[in-house]
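Peer 1: First the structure, which I've put down as structure tokens, then a few questions once you've had a look.
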Amino acid sequence: MRRRDFIKVSGVAAAGLALAGCTPKTGFWGKKDEELYGPRKTGHFSLMQISSATNTIGNSYLLKTSGGKVIMMDGGFASDAPKLRKKLSEAGNHVDLWFISHPHEDHMEALATILDDPQGITIDKVIHSRLPDAFLDNEPQSGDNARGYYRVLDNTTERTDIINLHRPMQRFDIDGIGIMVLTVDHPSFRSGHFNNQSIIIRVWDDVKSVVFLGDAEEECGEAALRECREYLDCDYLQMAHHGQSGVSEEFYKTINFRVCLWPTPSWVWEPGENTWLKTLDTRRWMDEKGITEHHVSCLEEDWELL
321 MRRRDFIKVS
331 GVAAAGLALA
341 GCTPKTGFWG
351 KKDEELYGPR
361 KTGHFSLMQI
371 SSATNTIGNS
381 YLLKTSGGKV
391 IMMDGGFASD
401 APKLRKKLSE
411 AGNHVDLWFI
421 SHPHEDHMEA
431 LATILDDPQG
441 ITIDKVIHSR
451 LPDAFLDNEP
461 QSGDNARGYY
471 RVLDNTTERT
481 DIINLHRPMQ
491 RFDIDGIGIM
501 VLTVDHPSFR
511 SGHFNNQSII
521 IRVWDDVKSV
531 VFLGDAEEEC
541 GEAALRECRE
551 YLDCDYLQMA
561 HHGQSGVSEE
571 FYKTINFRVC
581 LWPTPSWVWE
591 PGENTWLKTL
601 DTRRWMDEKG
611 ITEHHVSCLE
621 EDWELL
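Heads up, the sequence shown is in my numbering, so the first residue is 321 and it goes up one at a time.
Listed below in structure tokens is the structure:
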């Protein structure tokens with residue numbers, strides 16, 4: 321598939337379109353919606369998919385509410401921190417909520433760097449699901465880096481509230497925006513990979529919804545389908561583990577969504593001889609599902625949904 325055929329750039333109007341079966345629905349809020357999500361949201365958020373500063377893997381999303389509140393999802397490597405500082409400066413140098421999906425370097429290092437040396441950036445709350453210390457030994461090098469990240473969090477409690485979640489389905493409402501953490505850490509999973517401990521997060525306003533999968537792998541995806549299937553339908557879906565592996569084909573084909581967000585560098589998007597990368601399989605699944613709108617970070621730098 322040619323690049324210009326694969327990418328469909330959306331505008332403000334596209335944000336209000338929802339695939340049949342997705343909730344919340346534009347212009348509709350029924351009893352089932354209230355049971356799942358509570359009262360209808362009247363706020364609005366914009367979203368920026370921030371591309372890697374060095375064309376490497378990473379996950380970084382900046383959301384801003386119509387009232388000026390700022391929400392971050394992950395943030396990337398330490399090498400992404402200078403670019404992220406600039407984006408946050410443009411947004412007012414203040415973050416109200418910062419979610420970290422799991423303690424891999426390409427998701428939490430930029431935050432750790434900023435917390436260690438704020439340079440004027442203030443952060444009200446960091447929300448994550450801290451892994452047990454013994455679990456960190458499953459990935460020795462990343463485990464050492466995760467311990468360093470946790471030490472930074474432990475030393476920032478006076479200026480930033482650190483919220484450690486171990487109970488799923490917890491909701492954070494901010495400025496008319498609904499945010500729900502659907503999954504938390506599962507140290508009992510057969511797989512000891514940090515990726516499988518990713519928290520899955522749903523964000524919605526009165527016209528659109530986004531689900532962030534982090535680096536969720538198959539076991540995490542299977543648990544989500546069992547435990548919170550009805551919350552996974554959305555308009556915009558962040559592809560798990562940069563789209564190159566992660567949740568299963570069954571997961572993608574079970575839930576309803578209409579747009580794919582790919583936090584994906586060029587060498588993962590087009591794997592070439594890197595046959596261990598499964599990006600082309602995921603792209604084929606999306607073709608088979610009929611998804612026609614894709615936003616890929618290495619192809620659309622800092623794409624925005626307004």
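Beta carbons: idealized from backbone N, C-alpha and C, even for Gly.
What residue does the alpha helix (DSSP H) around D622 start on, and which one ends it?
Peer 2: Run containing D622: none; DSSP gives neither H nor E here.
Peer 1: Does the structure place the segment 597-616 close enough to the segment 576-587 that three or more beta carbon pairs sit under 8 Å?
Peer 2: Contact check between the segment 576-587 and the segment 597-616: three or more CB pairs, one atom from each, fall below 8 Å, which counts as touching.
Peer 1: On the CB-based measure, 16 or more other CB atoms within 10 Å of its CB, does I497 come out buried or exposed?
Peer 2: buried
Peer 1: Which same chain residues, not among the five before or five after A335, have their C-beta less than 8 Å away from its C-beta?
Peer 2: At A335, the pLDDT of 32 sits below 50, so the modelled position is not reliable; the number obtained from the coordinates is stated separately. The beta carbon of A335 lies closer than 8 Å to those of V527, K528, D555, L625 and L626 in the same chain, with the five residues before and after it left out.
Peer 1: By DSSP, does V472 sit in helix, in strand, or in coil?
Peer 2: helix
Peer 1: Mind checking which residues open and close the beta strand (DSSP E) that includes F419?
Peer 2: In the DSSP assignment, F419 falls within the unbroken beta strand (DSSP E) covering H414 to F419.
Peer 1: Can you name, in chain order, every residue of its own chain whose Cβ lies under 8 Å from the Cβ of D444, other than the five neighbours on each side?
Peer 2: For D444, same chain residues with a beta-carbon under 8 Å away, outside a window of 5 residues either side, are H414, V415, D416, L417, T480 and D481 in chain order.
Peer 1: Taking the beta strand (DSSP E) that I391 falls in, what are its first and last residues?
Peer 2: Taken as a continuous stretch (DSSP letters only), the beta strand (DSSP E) holding I391 covers V390 to D394.
Peer 1: Would you identify the three-state DSSP class for T574, choosing helix, strand or coil?
Peer 2: helix
Peer 1: On the DSSP bridge list, what partners appear for G307?
Peer 2: Outside the displayed range of the chain (321 to 626) lies residue 307, so it cannot be described from this structure.
Peer 1: Can you give me the Cβ contacts of S462 inside the same chain, cut-off strictly under 7 Å, excluding the 5 residues immediately before and after it?
Peer 2: H424, E425 and F514
Peer 1: Rounded to whole angstroms, how far is the Cβ of D495 from the Cβ of K389, which I believe are closer than 8 Å?
Peer 2: With a Cβ gap of about 4 Å, D495 and K389 count as contacting.
Peer 1: Could you give the DSSP three-state label for D444: helix, strand or coil?
Peer 2: strand
Peer 1: Let me confirm a value: A432 is counted as buried when at least 16 other C-beta atoms fall within 10 Å, else exposed. Which label applies?
Peer 2: buried
Peer 1: What three-state label does DSSP hand K598 in the structure shown?
Peer 2: coil
Peer 1: Leaving out five residues before and five after Q361 in sequence, what residues of the same chain have Cβ atoms less than 7 Å from its Cβ?
Peer 2: Going by the sequence as given, residue 361 is Lys instead of Gln. G496, I497, G498, W524, D525 and D526.
Peer 1: So, for P591: in the same chain, excluding its five sequence neighbours on each side, which residues have a beta-carbon less than 7 Å away from its beta-carbon?
Peer 2: L597, T599 and L600
Peer 1: Looking only at its chain, what residues have a beta carbon closer than 6 Å to the beta carbon of H486, apart from the 5 residues adjacent to it on each side?
Peer 2: V504
Peer 1: Compare the C-alpha of G396 against each of H561, G541 and Q517 and name the closest.
Peer 2: Closest option to G396, judged by alpha-carbon separation, among H561, G541 and Q517: H561.
Peer 1: Within 10 angstroms of the Cβ of A340, are there 16 or more other Cβ atoms? Answer buried if so, exposed if not.
Peer 2: Here the model assigns A340 a pLDDT of 32, short of 50, so the residue's position is not dependable, and the following value carries that caveat. It is exposed - the Cβ of A340 has fewer than 16 other Cβ atoms within 10 Å.
Peer 1: Use the C-beta contact count for G610: other C-beta atoms within 10 angstroms, 16 or more gives buried, fewer gives exposed.
Peer 2: With fewer than 16 other Cβ atoms inside 10 Å of its own Cβ, G610 counts as exposed.
Peer 1: Does V567 come out as helix, strand or coil in the three-state DSSP assignment?
Peer 2: Three-state DSSP puts V567 in coil, outside helix and strand.
Peer 1: Contact defined as beta carbons within less than 8 Å: I believe H422 pairs with S518. What is the distance between those atoms, to the nearest angstrom?
Peer 2: 5 Å
Peer 1: Do the segment 565-572 and the segment 538-552 make contact, defined as three or more Cβ pairs closer than 8 Å?
Peer 2: yes
Peer 1: Work out the CA separation of E593 and N475 for me, nearest whole Å.
Peer 2: 43 Å
Peer 1: In the DSSP assignment, find the unbroken beta strand (DSSP E) run with I482 in it and report its ends.
Peer 2: D481 to N484
Peer 1: Check this for me: beta carbons of I521 and V501, under 7 Å apart or not?
Peer 2: yes
Peer 1: Restricting to Cα atoms, I'd like to know which of Q558, F571, G563 and G534 is closest to E547.
Peer 2: F571
Peer 1: Give me whichever residues DSSP pairs with K384 in a beta bridge.
Peer 2: S366 and V390
Peer 1: Can you have a look at N379 and say buried or exposed, based on whether 16 or more other CB atoms are within 10 angstroms of its CB?
Peer 2: buried
Peer 1: Go to S529, then tell me how far its beta strand (DSSP E) extends in each direction, as first and last residue.
Peer 2: From DSSP, the beta strand (DSSP E) with S529 extends over S529 to F532.
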